[in-house]
Structures are given as C-alpha cells and as structure tokens.
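Colleague: Structure provided below as structure tokens; questions to follow.
Residue numbers (my numbering), protein chains in the order written: chain E, 13 to 325; chain G, 4 to 252.
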C-alpha cells in the first residue's frame, strides 16, 4: 500500500509546504504518490516528479480543479482513496480546508497539525495553543493527517523525475464558484518558511510606524510578521498574523518587537531556534521565553539596529 | 431563514492550562470555562443577520454534559432564539461530533449552519468541514465576510496568501474566522430574558446513532519548556550575541 500527498500549488509552482509534507510522508515508509490536481498544471507535475522521494505523480488536469475548491477536490480524492493507507496534506489553510472533508467522506478520523510521527498509526500533535502535546493512535485503516510544516524539514534534493501518470476523473461538480483572489504582494521571503522573521505588535502604534519593522526585516533579509493586536488595529493585513489562529513559524531567528507575548501569539512562534524580544516593559511575558531580551523604546532601538546592520555590511 | 449555530464550552482562553500529572489530559476541575471565542463570532454573525431580517430564527446547539447549558444560555443572551443541548458525558472526536450535529440539522432543517473555525482546546479545525461533507453541502471555511442572498451566499475567506471570495448555494456550512466581526457583550436584561427562552435537552442515546471509536488518546504531555535567556543592554551587544554566540546572523 502507499501514501498519497496532496500537492498544494497555484497551477504554476509547488508551494514549499508540500516539500515538508513529503518529508513526513517518507517517514511512514511506504511508496509516496503525489497528487497534482489543477488546471493547465503540467509544470507543477514536472516539478513534483523531480523531488527526491516521489515514487509517482498522478496528474489530474481539468478546469473543474482550477481553484482547488474543497468540494470538488474531496470528490476526486475520495474516488481514488482506495489505493492508499495514508493521505497527507500540509496544515496550511489549503490542507485544513480540504482534508477534513475527505476524512468525513471516507468515515475516517483526521489528526490535525501532526508534529511527530511515532509509528504508522501513532502521532503527536499540539493542542491548547501548543501548551500540551497529545499523542493519538488512529484506529481507522486509512490515516488522514495534516502536517505541521515547521516540524518536518523540507525536501530540497532532486531526483531523476519519476513517472507522471495522467488520470481522468469526472465528478459531480458542486455549486461553489470562485469569484476572486486578493493576494498580498511582497518581495520578501514567505513568512512560513523564512529563516529570519521580524514581527511587530501593538507597540508600533500605527501603519506608518510599522514601516520600521519592514525596514528592519529588509536589513536582515527577513519576512515580516505581526501579532493579532497589530492586525486588528489595521497596521498590516491578516495574513501577516503569527499565532494560534494565524501562521505557525519556526525560523532560526525570531525578533519580536513591541509584542507582549500573549499565549495565542507564543503558540505560533515558540519553536523558533533563537528568540529576541525588544520591549519597553521589562515584565512582558515575551521575556520569559526570549534567548536575548532588550528593554528599551523600540522607536530608538530599532533605528539603531538598522543602522548598525547597515554599517557592518 | 433558519440558522443553526454550533457552540462549544471550553477552558477560558485566558487561563494558563496545566497538564495532569498522570498525563491523561488537561486539568479541568475548578477551572473557568467559557464559550469558544470563534463560536461567539458565529453567534454574533447570526444575530447580525437577524437584525437585518427579522424572519430569521437562530438555534444554538451544543453537544456535552449538563454544564454546557451555561454556554447555551450565553448564546441565548447574545440573541439566539432557542437552544438544543445534546446531553452526553462521553468525549467524542470531531467526526462523531459532526455526526451528532448532522442529526440535529436533519431534524431542524436550517438553511445555514454557522460554526467557529476551530475550538481553542483541541485546535483541530475539522468539525465544520466534516459536517458539510456528511450533509453533502458546500462549505465556506475561515470566513471574514459573509453576504446572504436569496438562495446563495458570498463569502470572503482568509487564506495563507491573503483573501479569497467564493459564492455557493444554500444550504451551506460556514466557519468563522476572528476577523468576521466583533462580538457584543450580553446585557443584564438580555441575560435575564435568556433564562425564559426554550432550551431543549435531547439525550444522546435517543438519537439512534451507533458511533465507532476512531482515535485513542495515548497521552497528553507538557511541551518542552524554553528557559528565559539573558537581557542585553545595548543594540551592539545584541548584534554581537546574534553573530558570535547564537550564530544566526
């Protein structure tokens, strides 16, 4: 039997989260088939076939799957599920939206946000905003898992491409229609996979002043994140949010500026290798988990930080 | 239109949780409980829809022990018209909860089901999608904007790269994200009024469901703790430490 990995992509490129998911799939020690479903997405299938560890790629190219709507995708995956004992997707908004629908169609449980694979049926995942780790054993024959991407190393090695098998599945299309995307444009690295992340909180006070965080990020080649307070106050768009309800990050270096460190925020970043906190309140909870803390006014500290980084170049 | 809102009683989000010493779970005795914050947003959205169209009826539903009545009373105080408790002492996985709610949906025949995108205890983010699948209804997850038309809805969803807008026919299941609205507080007169609203109790055993166990919890442990590091006194010291001690710059 084999493992199915649902590839997340935009019909042109593979999303990097798929490479972490493949890494988890390989840990299950079965042949891994990658499913690329989309429209005019041959390039994605070719990219997938060349990732080390892929055993085969199944390509379903049809206008019905252009926007990978959960309703249509779930029909497709359910129809091919019989060949697999494990179905994996990244725990991104794409995977979270899709996989529980597949699980219910198959009358199978799902384990969300798997952070460790212990056995082929036993998994660890965080609960209570990362304040507890639950180990669960799945009793169903098929294991359906969304993978916490920061807990598994992305596979970046290539192989000579495996075979791409075109399959054609007609499904009963649902009433759901795609209207539009409004995507944030950014030249910076992707937040979820960046090596360095600089995040700002309520302490930044305004959208204009939040630019300071962006300048620091650019000086470091980092991605920009934010606390919920900064998003709710409208300083930055919501897809910048790091935390229990936003993105989970685990970079080598996380710099929290003007963020107090509420439980919900820590849930999204406490697995970072090195945490730096810059805050004027020396009792802020963020200092309890920061490797390096600097107590001071961010409006003085951050410009100095940027200046010294530029000077040392 | 009938709107069903599913709510859950969870440990209050501001409580610092403790893992039990025998690793069988999290301490819940004598701990403050509240309505799951995402479900409060779902109730608020239903109430706002009703404020625009008085023909709507809002039914709050939960699955759990007797104490879950408090959570339903809170939903009634926020503006739900009536409530249903499916009473059980058993603990169910998301799929089984979805099957129980499916029974209530089949009985009540709502056109719209509103739910929080995830509960802050299990953090699973599964039940709305599973319910939609079981009913074979369309789903709009992580909604930050909802517009209800005659027989359809338009929903803006929060996705990793930004926002996505979809339309779908009713009936449908919608799960709420934090940005959908700002829930109101229950006023004292509304809390008093809520005591007189209908709260039906359905025993789980009378639903005629035979649910199998899908997952077994082996243990619950505390995560590896991070120790507090050091405080530096200047930016240059910080840069030095990051370069030469932590080697991350």
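Note that CB positions come from ideal geometry on N, CA and C, so glycine has one too.
Here the structure is a predicted model, which is why all the values come from computation and not from measurement.
Would you mind telling me which residues of chain G sit closer than 8 Å to residue 320 of chain E, beta carbon to beta carbon, in chain order?
Modeller: 238, 239 and 242
Colleague: Assuming the contact rule is C-beta atoms closer than 8 Å, residue 141 of chain G and residue 178 of chain G should be a hit. Round their C-beta distance to whole Å, please.
Modeller: Not quite, the Cβ-Cβ distance comes to about 12 Å (not below 8 Å), so this is no contact.
Colleague: Just how far apart, CA to CA, sit residue 238 of chain G and residue 295 of chain E?
Modeller: 19 Å
Colleague: Just list the residues that DSSP pairs residue 242 of chain E with in beta bridges.
Modeller: Answer by DSSP bridge pairing: none, since residue 242 of chain E is not bridged.
Colleague: If you measure beta-carbon to beta-carbon, which residues of the region 21-35 of chain E are closer than 9 Å to chain G?
Modeller: Sequence-ordered contacts of the region 21-35 of chain E with chain G read 22, 27 and 29 [C-beta pairs closer than 9 Å].
Colleague: Return the chain-ordered list of same chain residues with a C-beta closer than 7 Å to the C-beta of residue 241 of chain G, the five sequence neighbours on each side being excluded.
Modeller: 235
Colleague: Closer than 8 Å between beta carbons: that is the criterion. Which residues of the region 47-68 of chain E meet it against chain G?
Modeller: none
Colleague: Would you give the residue range spanned by the beta strand (DSSP E) that residue 315 of chain E belongs to?
Modeller: First-last for residue 315 of chain E: 310-323, but that is the alpha helix (DSSP H), not the beta strand (DSSP E).
Colleague: Does DSSP put residue 125 of chain E in a helix, a strand or coil?
Modeller: strand
Colleague: Can you confirm whether residue 164 of chain G, when its beta carbon is compared against all beta carbons of chain E, has any partner nearer than 7 Å?
Modeller: yes
Colleague: With 8 Å as the C-beta to C-beta threshold (strictly closer), list the residues of the region 123-135 of chain E near chain G in chain order.
Modeller: 123, 124, 125 and 134
Colleague: Can you round the beta-carbon distance between residue 88 of chain E and residue 49 of chain E to whole angstroms, since I take them to be within the 8 Å contact cut?
Modeller: 6 Å
Colleague: DSSP state of residue 51 of chain E, grouped into three classes?
Modeller: If DSSP states are grouped into helix, strand and coil, residue 51 of chain E belongs with coil.
Colleague: Taking only beta-carbon atoms, is residue 266 of chain E less than 7 Å away from chain G?
Modeller: no
Colleague: Given this structure, state the Cα-to-Cα distance separating residue 286 of chain E from residue 230 of chain G, to the nearest angstrom.
Modeller: Cα to Cα, the separation comes out at about 11 Å.
Colleague: Just to confirm my understanding: we take residue 304 of chain E, look at its own chain, exclude 5 residues before and 5 after, and list those with CB closer than 6 Å. What are they?
Modeller: 288
Colleague: Would you list the one or two residues that DSSP bridges to residue 96 of chain E?
Modeller: E:14
Colleague: Any idea which residues DSSP pairs residue 202 of chain G with across the strands?
Modeller: G:86
Colleague: Spell out whether any CB of chain E is found under 7 Å from the CB atom of residue 125 of chain G.
Modeller: yes
Colleague: Give me, in chain order, the residues of the same chain whose beta-carbon lies closer than 6 Å to that of residue 173 of chain E; leave out the 5 immediate sequence neighbours on both sides.
Modeller: 61 and 62
Colleague: What is the DSSP secondary structure of residue 179 of chain E, reduced to helix, strand or coil?
Modeller: coil
Colleague: Select from E:84, E:132 and E:127 the residue whose C-alpha is nearest the C-alpha of residue 111 of chain E.
Modeller: E:84
Colleague: Any C-beta of chain G within less than 7 Å: which residues of the region 295-306 of chain E qualify?
Modeller: 299, 300, 301, 302, 303, 304, 305 and 306
Colleague: Tell me, please, whether the CB atom of residue 141 of chain G is closer than 7 Å to any CB atom in chain E?
Modeller: yes
Colleague: Spatial neighbours of residue 87 of chain G within its chain, please: C-beta separation below 7 Å, excluding the five flanking residues on both sides.
Modeller: 62, 64, 107, 203 and 205
Colleague: Using the Cα positions of residue 5 of chain G and residue 315 of chain E, report the straight-line distance between them to the nearest angstrom.
Modeller: 55 Å
Colleague: Is DSSP giving residue 85 of chain E helix, strand or coil here?
Modeller: helix
Colleague: Taking 7 Å as the CB-CB cut-off, is residue 185 of chain E touching chain B?
Modeller: Protein chains E and G are contained in the structure displayed, whereas chain B is not.
Colleague: Please go through the same chain and pick out, in chain order, the residues whose beta-carbon is closer than 6 Å to the beta-carbon of residue 38 of chain G, but skip the five residues on each side of it.
Modeller: Around residue 38 of chain G, the same chain offers 10, 74 and 77 as residues with beta carbons nearer than 6 Å, after the five sequence neighbours per side are excluded.
Colleague: Tell me which same chain residues have a C-beta within less than 6 Å of the C-beta of residue 37 of chain E, skipping the five on either side of it?
Modeller: 15, 17, 44 and 100
Colleague: Which residue spans inside the region 113-167 of chain G form an unbroken alpha helix (DSSP H) run of at least 4?
Modeller: 130-138
Colleague: Let me confirm a value: residue 171 of chain E is counted as buried when at least 16 other C-beta atoms fall within 10 Å, else exposed. Which label applies?
Modeller: So residue 171 of chain E ends up on the exposed side.
Colleague: According to DSSP, residue 253 of chain E sits in a beta bridge with which residue or residues?
Modeller: Residue 253 of chain E pairs with E:238.
Colleague: With DSSP as the reference, please indicate the residues paired to residue 64 of chain G in a beta bridge.
Modeller: Note: residue 64 of chain G sits in a beta bridge opposite G:9 and G:87.
Colleague: CB residue 143 of chain G to CB residue 113 of chain E, shorter than 7 Å?
Modeller: With respect to the 7 Å criterion, residue 143 of chain G and residue 113 of chain E are not classified as neighbours on the basis of their beta carbons.
Colleague: Please tell me whether residue 52 of chain E and residue 141 of chain E are closer than 7 Å, where the distance is taken between their beta carbons.
Modeller: no
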